[in-house]
Amino acid sequence: MAVSTPPGPDAVRDDLEQVFRTAYPRVVAVAARVLGSRDEAEDVAQEVFLAFGRSAVPAGEAVGWLCVAAAHTALNHLRSGRRRASREEAAGASRPVSPDVADTVVTLDERRRVRAALARLPRRQAVALVLRHSGLSYAEVAAALDLSPGSVGTTVRRAESALREELNRHASSD
Amino acid sequence: MRHPTDGTLRRLVDEPAGVADTDREHVADCPVCLSELVTAQREAAAAAAALDVEVAVDVEAGWRRLSRSLAADDAPGVGAPTRRRWRSLLRSPAIAAVGVVALLTGAGAAAAADWLQIFRPERVAPITVTRDDLLALPELTAYGRVDREGNTDVRDVADAAAAERATGIAVPRVGELPRGVTGEPTYQVRDRVTTFFTFSAAEAAAAAAEAGGTLPPPPPGLDGSRFRLTNGPRVAAVWSSTGGVPALVVARTAAPTVDSSGTPFETARDYVLTLPGLPADLAEQLRSVSADGTTLPLRVLSERMTSSSADVNGTPATVLTSRDATMAAVVWLDGGLVTAVAGSLSADEVLAVARGLR
Numbered sequence: 001m002a003v004s005t006p007p008g009p010d011a012v013r014d015d016l017e018q019v020f021r022t023a024y025p026r027v028v029a030v031a032a033r034v035l036g037s038r039d040e041a042e043d044v045a046q047e048v049f050l051a052f053g054r055s056a057v058p059a060g061e062a063v064g065w066l067c068v069a070a071a072h073t074a075l076n077h078l079r080s081g082r083r084r085a086s087r088e089e090a091a092g093a094s095r096p097v098s099p100d101v102a103d104t105v106v107t108l109d110e111r112r113r114v115r116a117a118l119a120r121l122p123r124r125q126a127v128a129l130v131l132r133h134s135g136l137s138y139a140e141v142a143a144a145l146d147l148s149p150g151s152v153g154t155t156v157r158r159a160e161s162a163l164r165e166e167l168n169r170h171a172s173s174d
Numbered sequence: 001m002r003h004p005t006d007g008t009l010r011r012l013v014d015e016p017a018g019v020a021d022t023d024r025e026h027v028a029d030c031p032v033c034l035s036e037l038v039t040a041q042r043e044a045a046a047a048a049a050a051l052d053v054e055v056a057v058d059v060e061a062g063w064r065r066l067s068r069s070l071a072a073d074d075a076p077g078v079g080a081p082t083r084r085r086w087r088s089l090l091r092s093p094a095i096a097a098v099g100v101v102a103l104l105t106g107a108g109a110a111a112a113a114d115w116l117q118i119f120r121p122e123r124v125a126p127i128t129v130t131r132d133d134l135l136a137l138p139e140l141t142a143y144g145r146v147d148r149e150g151n152t153d154v155r156d157v158a159d160a161a162a163a164e165r166a167t168g169i170a171v172p173r174v175g176e177l178p179r180g181v182t183g184e185p186t187y188q189v190r191d192r193v194t195t196f197f198t199f200s201a202a203e204a205a206a207a208a209a210e211a212g213g214t215l216p217p218p219p220p221g222l223d224g225s226r227f228r229l230t231n232g233p234r235v236a237a238v239w240s241s242t243g244g245v246p247a248l249v250v251a252r253t254a255a256p257t258v259d260s261s262g263t264p265f266e267t268a269r270d271y272v273l274t275l276p277g278l279p280a281d282l283a284e285q286l287r288s289v290s291a292d293g294t295t296l297p298l299r300v301l302s303e304r305m306t307s308s309s310a311d312v313n314g315t316p317a318t319v320l321t322s323r324d325a326t327m328a329a330v331v332w333l334d335g336g337l338v339t340a341v342a343g344s345l346s347a348d349e350v351l352a353v354a355r356g357l358r
């Protein structure tokens, strides 16, 4: 699914506020998984809802459309190279199960690498990966990306392998 | 029967109800598929950890912002850093300070003669930070150049002996497993990782100028100073659980140390602690724990964890407990090695494991 929407009428759709209040946290969460930053994720979500507000996307497809648009737009931000790596993951790295209690610096650097690796994945794989890990079901990811549910598993599986390979390949080279 | 596809195995990891009974039954009896399933589980868990983010969203504020944009017909530009973001970063050089102090206290082993060892921890101590502080942490690369040597990949090895051969560190053996933790652990190792940081006054000033602010002048000699941080090697024994979170982890790593090309530890530390915006209580915590370069600050995220003191067979230790009481960890430093016992356990249980290590 493309991020850009066909030019809609100038009027803002009537159900925008209702959809916004329901879906905004989820849309921010999708973008945050890509960008790792709340501020940037909220910027992306705002951008996506502005486009949605003037689109004619059917209400029943709104959440899927918004999530896919958020994933694409966030990946575009990553590739624009103008963003700063985030500290979100730094917070996540403090959980007690991490044996890396003394590893702050390396952890921060690794989180930056995750973003770089995501940017290098094939776009469809990256989007499927982010949507699935954002809690969309296989059926929802399938509908949003126009795939069969069976292909979702294959696409996500390939994305996870590719992510691991990307992280390994670039672990000591950049 | 044909093996199910890798996509089917992947779905079995986290949406098994969507997989046909015949495929499930096949996998349960097929060593090849079970092995593939384990790999899929591991990679799914790794991806989940890499992508894990929790963000608190203010829907009302978001709606007000969208309403203003709609009214002004003023869509935000794609990818352009906003002034607000730069300002928020500048307001928290505090956080840069946390990063740099963490760097100063984060890793390293002196070897070459032209390096001055400026930090070798002998104990750990908790410092409390908030999630907002961590969220605003700017990149170290804004302050200079960061290079790294070594493979950060965590890899499985066959057994404890292989882990020791790979790292030179003996894996502590658990005397008695806590109730509910069963089976044999998997052993993981990671090589030593060396990070070099070169402070650049020009880059730091440029970062500040871009944000519309001014950094305090660095002390003489800091510009161009190099710091070398070596972390690890590390070994870990991991008992898994069905939920994806390890039931028990026993990890041991060479204590991180830091070497400098000339700048004394106190000089660098005092500089970062005087950067504007550093919350006074955090500065005070960092100043006190880093007074003599022998205490490793253990970051405690105040929203998620609480810390307390304990001892492990006579060695002072720090106990971390998650506020939802689902996880606990105990960390101590002895003889140049940091040891951590953590898991989906109570504080008493991790302490019992720690005290029973052989």
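In order, the protein sequence lines correspond to chains A and B. The numbering used here numbers the first residue of the first sequence as 1 and each following residue consecutively. The numbering used here numbers the first residue of the second sequence as 1 and each following residue consecutively. Virtual Cβ for every residue (Gly too), placed ideally from N, Cα, C. This one's a predicted model, so the numbers in the text were calculated from it and none came from an experiment.
| Query | Result |
| --- | --- |
| So, under 8 angstroms CB-CB, A/Ala117 and A/Leu163 are touching, yes? Tell me the CB distance rounded to an integer number of Å. | 6 angstroms |
| Are any of the Cβ atoms in chain B nearer than 8 angstroms to that of A/Gly53? | yes |
| Throw me the rounded Cβ distance for the B/Leu248 and B/Pro178 pair, which I believe falls under 8 angstroms. | 7 angstroms |
| Out of A/Trp65, A/Tyr138, A/Ala71, which one is the CA nearest neighbour of A/Glu40? | A/Ala71 |
| With distances taken between CB atoms, is the gap from B/Gly356 to B/Glu164 smaller than 8 angstroms? | no |
| Among B/Ser240, B/Gly335, B/Asp324, B/Asp6, whose alpha-carbon lies nearest the alpha-carbon of B/Val250? | B/Ser240 |
| How is the beta strand (DSSP E) around B/Glu149 delimited, first residue to last? | 144 to 149 |
| Does the segment 322 to 333 of chain B come into contact with the segment 300 to 312 of chain B, if we say contact requires no fewer than three beta-carbon pairs (one atom in each stretch) closer than 8 angstroms? | yes |
| Could you tell me whether the Cβ of A/Ala29 comes closer than 8 angstroms to any Cβ of chain B? | yes |
| Cα separation between B/Gly221 and B/Arg148? | 23 angstroms |
| What in chain B is Cβ-close to A/Glu160, meaning under 7 angstroms? | Glu43, Ala44, Ala47 |
| At which residue ranges does the segment 9 to 61 of chain A contain complete alpha helix (DSSP H) runs of 4 or more residues, listed in the order of the chain? | 16 to 35, 38 to 53 |
| Would you say B/Gly335 reaches chain A, if we count a Cβ-Cβ gap shorter than 8 angstroms as a contact? | no |
| Closer than 8 angstroms, CB to CB, is A/Leu129 near chain B or not? | yes |
| Using the C-alpha atoms, what's the distance from B/Asn151 back to B/Asn231? | 11 angstroms |
| Check this for me: beta carbons of A/Cys67 and A/Arg21, under 8 angstroms apart or not? | no |
| If the cut is a Cβ gap below 8 angstroms, which residues of chain A does B/Thr5 touch? | Gly150, Gly153, Thr154 |
| Examine the Cβ distances between the segment 57 to 73 of chain B and the segment 29 to 40 of chain B and report whether three or more of them are shorter than 8 angstroms. | no |
| Kindly list, in the order they appear in chain B, the residues whose Cβ is closer than 8 angstroms to that of A/Gly36. | Val53 |
| Taking the beta strand (DSSP E) that B/Ser308 belongs to, which residues open and close that run? | 305 to 312 |
| Out of curiosity, what's the CA-to-CA distance linking B/Thr194 and A/Asp43? | 36 angstroms |
| If we ignore side chains and look at the alpha-carbon of each, how far apart do A/Leu145 and A/Gly53 end up? | 21 angstroms |
| Tell me B/Phe227's beta-bridge partners as DSSP assigns them. | B/Phe197, B/Ser260 |
| Using 8 angstroms for Cβ pairs, my map puts B/Ala329 next to B/Val350. What's the rounded Cβ distance? | 6 angstroms |
| List, in order along the chain, the chain A residues whose C-beta lies closer than 7 angstroms to that of B/Trp239? | None at all; the shortest Cβ gap to chain A is about 11 angstroms. |
| Listed in chain order, which residues of the segment 308 to 320 of chain B have Cβ atoms closer than 8 angstroms to some Cβ of chain A? | Leu320 |
| Between which two residues does the beta strand (DSSP E) holding B/Asp58 run? | Where B/Asp58 is concerned, there is no enclosing beta strand (DSSP E), given that its DSSP letter is neither H nor E. |
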